[in-house]
Ligand SMILES: Nc1ncnc2c1ncn2[C@@H]1O[C@H](COP(=O)(O)OP(=O)(O)OP(=O)(O)O)[C@@H](O)[C@H]1O
Ligand SMILES: [Mg+2]
């Protein structure tokens with residue numbers, strides 16, 4: 083193994099500092115006892131974390147949980163059969179279908195946002211969870227589909243065949259053999275989809291109504307008025323939750339492979 | 005599971021794909037078609053949205069200097085961000101590649117992990133850092149590098165710094181993926197044949213990871229060109245980019261047809277750039293991609 | 003009518019025919035090996051018999067019944083895959099019991115049959131382990147038990163020994179053969195290892211490019227190879243290009259270079275290929291042909307000599323009797339009996 087030289091390590095240190103700086107700062111600022119943004123130089127206070135509890139960030143957080151849970155689950159439910167079709171069958175239009183399912187990656191979220199705003203108001207679905215959830219399903223579908231595909235393709239086909247020739251019907255093979263073996267991959271896919279949906283702002287800004295407003299949208303609206311320690315405390319809490327999820331994800335399947343789909347064109 | 009033959013004519017695969025197809029058709033294709041149709045409508049304050057098929061909005065977007073400025077700013081900014089991300093992300097990926105495995109996985113987590121943190125939170129961090137009384141300014145003044153606080157908020161510099169931060173992990177990821185495919189023995193072979201470390205880097209490593217660098221840059225570029233949260237918080241209304249302009253047309257001016265035309269132009273421009281870039285890259289690097 | 007009949011089987015992948023007009027008849031209780039080089043279509047043939055792959059043309063019949071419309075789960079065929087394909091999330095006992103469960107065998111009987119099957123492959127005490135906790139040889143025996151426990155009409159083995167080390171492989175050859183005799187089950191073994199095919203089979207079917215080029219008892223296939231491909235694929239052979247110059251029944255007089263000798267077989271006048279097995283050539287004091295030892299290779303139980311001769315390079319095999327080997331470069335005389343020089347078709 084070749085080692086990095088001292089200059090490389092200096093560069094690396096600066097790079098990591100650059101990556102971590104804003105996150106660390108947000109966390110520090112959240113502990114300020116003052117009423118404005120400052121590093122907590124005069125003592126540490128949980129005042130702003132307590133302030134979250136009574137604020138309207140809480141209902142927004144619940145909205146986000148509902149939307150992300152529903153969207154990730156639905157995305158997984160529709161992508162598993164689609165992945166089965168792609169991985170296990172040859173059929174006319176297979177590649178075109180896969181490209182279609184992955185195409186949400188190609189469309190900027192701002193475009194999706196205005197398109198869905200128009201669409202949902204046109205069909206009378208704006209302002210409720212249904213439209214919002216399916217809007218999210220579309221943007222996270224590529225992630226669940228890719229991970230389901232990777233799990234299926236990574237599996238030895240002969241294992242399914244063995245069960246089949248031992249007398250299991252195709253549905254039994256799926257239930258007893260295929261599904262248990264791809265569950266870890268699917269769990270990783272669900273989690274990454276959940277996070278994607280939970281964090282989504284650009285599209286949701288257009289689609290969410292006051293009653294379904296998600297946490298990022300609530301924060302965005304707050305930040306455009308003023309940036310105060312309250313929103314920093316919310317951010318710090320989010321960072322904390324994300325770090326926990328990140329460790330779970332990394333255990334499941336390795337972060338670099340999971341994220342490989344993100345932003346890929 | 006398993007079909008009996010790779011050429012079976014059964015309808016099963018279509019049935020299995022149907023739910024995903026319906027979701028994408030209803031919530032992706034239909035809205036995009038609608039927004040396209042919308043962009044040909046007209047709008048006035050007095051009458052609201054008027055149906056019809058007119059090119060007014062496109063003529064406005066494509067001829068008005070105001071929109072020229074916004075599109076030029078957006079794509080220029082995206083280009084710069086992609087360049088900076090490539091310049092710092094590529095060496096970082098290579099440094100990661102050369103680390104001992106334990107360190108490497110720890111730092112991969114540190115560098116890729118922020119991708120899971122909401123863009124909003126990360127932007128907020130920069131707003132705190134770059135504010136008038138922010139830490140960067142305090143440091144600059146304390147170190148004597150500036151005698152007064154420098155204004156970063158609502159400047160191009162601020163937006164670029166924050167967006168590089170938001171997007172550089174994608175570049176690291178892309179280069180890292182191509183480095184992982186690199187056979188370590190090839191580097192060792194180069195060294196054993198008498199090449200210096202630098203020569204190995206230039207002649208052996210860089211050519212092989214070029215596809216990763218190029219695809220990483222493309223990802224960063226397209227995401228930067230359509231970025232919304234960061235430019236809108238750090239850049240504000242004074243430094244509008246395309247996404248923020250579309251947002252204002254839709255949610256503030258209520259001029260949906262114009263907003264629709266703006267995003268359509270953005271989408272088309274992005275797709276054209278992506279396709280042209282891929283084309284050029286594939287032609288140049290056909291051997292490497294095989 | 004044979005128990006298993008394959009006739010005119012064809013399977014194409016894209017434009018290449020993986021199996022190209024294959025005919026095979028296997029009797030009940032028989033052990034037949036499909037032997038051939040990599041990519042000749044052995045696995046594809048097996049998968050068509052099991053029903054995973056649908057042939058483009060041809061017929062598969064088991065016990066006189068056409069299998070075309072029968073899905074794999076109704077064929078009652080036991081198969082051991084090259085990769086074993088054990089269910090990684092089930093214990094050994096659950097793996098073996100899966101087929102019985104699918105057949106709705108009652109719990110008590112199921113347990114007894116699992117125990118019997120595991121005893122048969124001598125794995126009784128490992129029944130609660132998971133596949134990843136087993137060695138390659140043990141996994142392979144689980145796969146065998148899983149295939150046998152359902153009492154299949156037909157047992158298909160796809161290179162089941164290829165992942166084992168040499169010693170275990172030799173043991174398992176004998177073991178599988180004994181189990182197969184004991185259970186009396188019709189078996190098809192796919193292999194590209196000629197020794198395996200020779201040891202285990204009642205009959206060997208040698209495949210080349212999607213067809214069977216020769217089928218017969220191991221001894222017959224070895225002694226009377228149908229063509230040059232079979233003669234070099236089953237054992238070693240010296241192949242000599244020669245010209246037929248005279249004949250007396252099946253005894254032909256052929257000439258190669260400056261040498262004329264007698265060979266066995268049928269061929270029209272003109273160029274032929276003569277095959278002589280290395281172990282059928284011997285050193286002689288007088289007569290035979292002159293040659294020179296290029297190199298002698300020690301193989302343990304025998305010596306292998308490479309010779310320069312008027313017929314070109316010859317390989318000669320001598321049992322290792324403990325006597326001193328012949329030195330490199332030495333001039334020798336070698337000879338063989340006319341029965342051991344075979345004129346090949348094609
Ligand atoms: N699913 C498939 N798609 C395309 N080609 C295939 C497929 N399966 C097999 N082939 C091709 O068919 C030919 C025969 O393959 P098969 O697996 O039957 O060979 P084999 O005799 O079992 O070889 P080996 O000894 O290497 O296992 C090969 O050329 C292979 O490349
Ligand atoms: Mg094979």
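Residue numbers (our numbering), protein chains in the order written: chain A, 83 to 347; chain B, 5 to 294; chain C, 3 to 348. Glycine included, C-beta positions come from ideal geometry on N, C-alpha and C. Just so you know, these numbers come straight off a predicted model, no measurement behind them.
Requested in this report: Output, in chain order, the set of chain B residues within a Cβ distance shorter than 8 Å of residue 185 of chain A.
Outcome: Taking the first residue of the first chain as position 1, residue 185 of chain A is located at position 103. Here the neighbours are 28 and 32.
Query raised in the report: Can you name the residues of chain C whose CB is closer than 8 Å to the CB of residue 327 of chain A?
Result: Position 245 of the first chain, counted from the first residue, corresponds to residue 327 of chain A. Result: empty, since nearest Cβ-Cβ is about 25 Å, beyond 8 Å.
Query raised in the report: For the 8 Å Cβ check, are there 3 or more pairs between the segment 179 to 192 of chain B and the segment 240 to 257 of chain B?
Result: no
Query raised in the report: Closest by CA to residue 30 of chain C, which one among C:187, C:238, C:21 and C:36?
Result: Translated into the one-based positions of the third chain, residue 30 of chain C becomes position 28. Taking only the C-alpha atoms, the option nearest residue 30 of chain C is C:187.
Query raised in the report: With 7 Å set as the bound, which would you pick, yes or no: does the beta-carbon of residue 55 of chain B sit closer than that to a beta-carbon of chain A?
Result: As a position in the second chain, residue 55 of chain B is number 51, starting the count at 1. With 7 Å as the cut-off, residue 55 of chain B does not count as an interface residue toward chain A.
Query raised in the report: Under the three-state reduction of DSSP, which class applies to residue 92 of chain A: helix, strand or coil?
Result: Position 10 of the first chain, counted from the first residue, corresponds to residue 92 of chain A. The answer is helix: DSSP assigns residue 92 of chain A an H, G or I state.
Query raised in the report: Based on the DSSP output, what are the partners of residue 218 of chain C in its beta bridges?
Result: Against the third chain, residue 218 of chain C aligns to sequence position 216. Residue 218 of chain C is bridged to C:206.
Query raised in the report: With respect to 6 Å, is the separation between the Cβ of residue 45 of chain C and the closest non-hydrogen atom of ligand 2 below this value?
Result: Walking along the third chain from the start, residue 45 of chain C turns up at place 43. Yes, the Cβ of residue 45 of chain C comes within 6 Å of a heavy atom of ligand 2.
Report task. Would you mind telling me which residues of chain A sit closer than 9 Å to residue 242 of chain B, beta carbon to beta carbon, in chain order? Result -> Counting from one through the second chain, the residue named residue 242 of chain B turns up at place 238. The contacting residues do not exist; residue 242 of chain B stays about 14 Å from chain A at best.
Query - Nearest candidate by alpha-carbon position, reference residue 208 of chain B, set B:114, B:196 and B:190 - result: What you label residue 208 of chain B is simply residue 204 of the second chain in a count that begins at 1. Out of B:114, B:196 and B:190, B:190 has the C-alpha closest to the C-alpha of residue 208 of chain B.
Report task. On a CA-only basis, which of A:92, A:134 and A:214 is nearest residue 92 of chain B? Give me that one, please. Result -> In the second chain, counting from the first residue as 1, residue 92 of chain B sits at position 88. Measuring from the Cα of residue 92 of chain B, the nearest candidate turns out to be A:92.
**Report entry** Collapsed DSSP secondary structure at residue 65 of chain C in the structure displayed
**Finding:** In the third chain, residue 65 of chain C corresponds to position 63, counting from 1. Of the three classes helix, strand and coil, the one that applies to residue 65 of chain C here is coil, per DSSP.
Query raised in the report: Between residue 60 of chain C and residue 173 of chain A, what straight-line distance do the alpha-carbon atoms span, to the nearest angstrom?
Result: In the third chain, the residue the question calls residue 60 of chain C occupies position 58. In the first chain, the residue the question calls residue 173 of chain A occupies position 91. Between residue 60 of chain C and residue 173 of chain A, the C-alpha separation is close to 23 Å.
Query raised in the report: Who are the Cβ neighbours of residue 237 of chain A in its own chain at under 6 Å, not counting the five residues just before and after it?
Result: Counted from its first residue, the first chain places residue 237 of chain A at position 155. Taken in chain order, the residues that qualify are 263.
Query raised in the report: Nearest CA to the CA of residue 175 of chain B: which residue from B:94, B:206 and B:118?
Result: Residue 175 of chain B sits at position 171 when you count from the first residue of the second chain. Cα-wise, what sits closest to residue 175 of chain B is B:94.
Report task. Could you spell out the range, first to last residue, of the beta strand (DSSP E) harbouring residue 139 of chain C? Result -> In the third chain, residue 139 of chain C corresponds to position 137, counting from 1. From DSSP, residue 139 of chain C is part of no beta strand (DSSP E) but of the alpha helix (DSSP H) over 138 to 150.
Report task. Consider the Cβ of residue 86 of chain A: report whether some Cβ of chain B lies at a distance smaller than 7 Å. Result -> As a first step, residue 86 of chain A is located in the first chain; it is residue number 4 there, counting from the start. Answer yes: the Cβ-Cβ gap between residue 86 of chain A and chain B drops below 7 Å somewhere.
Query raised in the report: Is residue 54 of chain B helix, strand or coil by DSSP?
Result: By one-based count along the second chain, residue 54 of chain B stands at place 50. It is a strand residue.
**Report entry** chain A contact residues for residue 111 of chain B, given Cβ-Cβ distances below 8 Å
**Finding:** Walking along the second chain from the start, residue 111 of chain B turns up at place 107. Per Cβ cutoff of 8 Å: 94 and 98.
Query raised in the report: For residue 130 of chain B, which of helix, strand or coil comes out of DSSP?
Result: Reading the second chain from its first residue, position 126 is the one you call residue 130 of chain B. Reduced to three states, the DSSP call for residue 130 of chain B is helix.
**Report entry** Status (buried if at least 16 other CB within 10 Å, exposed otherwise) for residue 267 of chain A
**Finding:** Numbered from its first residue, the first chain carries residue 267 of chain A at position 185. Label assigned to residue 267 of chain A: buried.
Query raised in the report: Is any heavy atom of ligand 1 found at a distance shorter than 6 Å from the C-beta of residue 15 of chain C?
Result: Locating residue 15 of chain C in the third chain gives position 13, counting from the first residue. Under cutoff, so the answer is yes.
Query raised in the report: Taking Cβ-Cβ distances shorter than 7 Å, what residues in chain B pair up with residue 167 of chain A?
Result: On the first chain, position 85 is the one that residue 167 of chain A refers to. What residue 167 of chain A touches in chain B: 17, 20 and 21.
Requested in this report: Say yes only if the C-beta of residue 85 of chain C is nearer than 6 Å to one or more non-hydrogen atoms of ligand 1, and no if none qualify.
Outcome: Taking the first residue of the third chain as 1, we reach residue 85 of chain C at position 83. False, no ligand heavy atom lies under 6 Å from that Cβ.
**Report entry** Cα-Cα separation between residue 11 of chain B and residue 163 of chain C, rounded to whole angstroms
**Finding:** One-based indexing of the second chain puts residue 11 of chain B at position 7. One-based indexing of the third chain puts residue 163 of chain C at position 161. For residue 11 of chain B, the pLDDT reaches just 40, beneath the cut-off of 50, and the residue's location in the model is therefore unreliable, although a value from the coordinates is still provided. Looking at the two C-alpha atoms, the distance is approximately 32 Å.
Report task. Just grab the DSSP bridge partners of residue 250 of chain C for me. Result -> Stepping through the third chain from its first residue, residue 250 of chain C is reached at position 248. DSSP lists C:253 as partners of residue 250 of chain C.
**Report entry** residue 224 of chain A versus residue 158 of chain B: straight-line alpha-carbon distance, rounded
**Finding:** Mapped onto the first chain, residue 224 of chain A falls at position 142. Mapped onto the second chain, residue 158 of chain B falls at position 154. Cα-Cα distance, rounded: 35 Å.
Requested in this report: Please find out if some non-hydrogen atom of ligand 1 comes closer than 6 Å to the beta-carbon of residue 1 of chain B.
Outcome: The first residue shown for chain B is 5 and the last is 294, placing residue 1 of chain B beyond what the model contains.
Query raised in the report: CA-CA distance, residue 180 of chain B and residue 120 of chain B?
Result: Walking along the second chain from the start, residue 180 of chain B turns up at place 176. Walking along the second chain from the start, residue 120 of chain B turns up at place 116. So the two alpha carbons sit approximately 18 Å from each other.
Query raised in the report: If contact means a Cβ-Cβ distance below 9 Å, which residues of the segment 45 to 71 of chain C contact chain A?
Result: 49, 52, 53 and 54
Report task. Note down the Cα distance separating residue 260 of chain C from residue 331 of chain C, rounded to an integer number of angstroms. Result -> Residue numbering aside, residue 260 of chain C sits at position 258 when the third chain is read from its first letter. Residue numbering aside, residue 331 of chain C sits at position 329 when the third chain is read from its first letter. Whole-angstrom Cα-Cα distance: 21 Å.
Query raised in the report: Nearest-angstrom Cα distance between residue 349 of chain C and residue 283 of chain B?
Result: Nothing about residue 349 of chain C can be read from this structure; chain C reaches only from 3 to 348.
Query raised in the report: For the segment 187 to 207 of chain A against the segment 275 to 291 of chain A, are there 3 or more C-beta pairs whose distance is under 8 Å?
Result: yes
Query - Rounded C-alpha distance that separates residue 142 of chain B from residue 107 of chain A - result: By one-based count along the second chain, residue 142 of chain B stands at place 138. By one-based count along the first chain, residue 107 of chain A stands at place 25. Computed Cα separation, rounded: 14 Å.
**Report entry** Cutoff 7 Å: residue 104 of chain C Cβ touching any chain A Cβ
**Finding:** Taking the third chain and counting its residues from 1, one reaches residue 104 of chain C at position 102. Yes, residue 104 of chain C lies at the interface with chain A (some Cβ there is under 7 Å from its Cβ).
Requested in this report: Measure the alpha-carbon distance for residue 14 of chain C versus residue 130 of chain C and round it to whole angstroms.
Outcome: Counted from its first residue, the third chain places residue 14 of chain C at position 12. Counted from its first residue, the third chain places residue 130 of chain C at position 128. Answer to the nearest angstrom: the Cα atoms are 42 Å apart.
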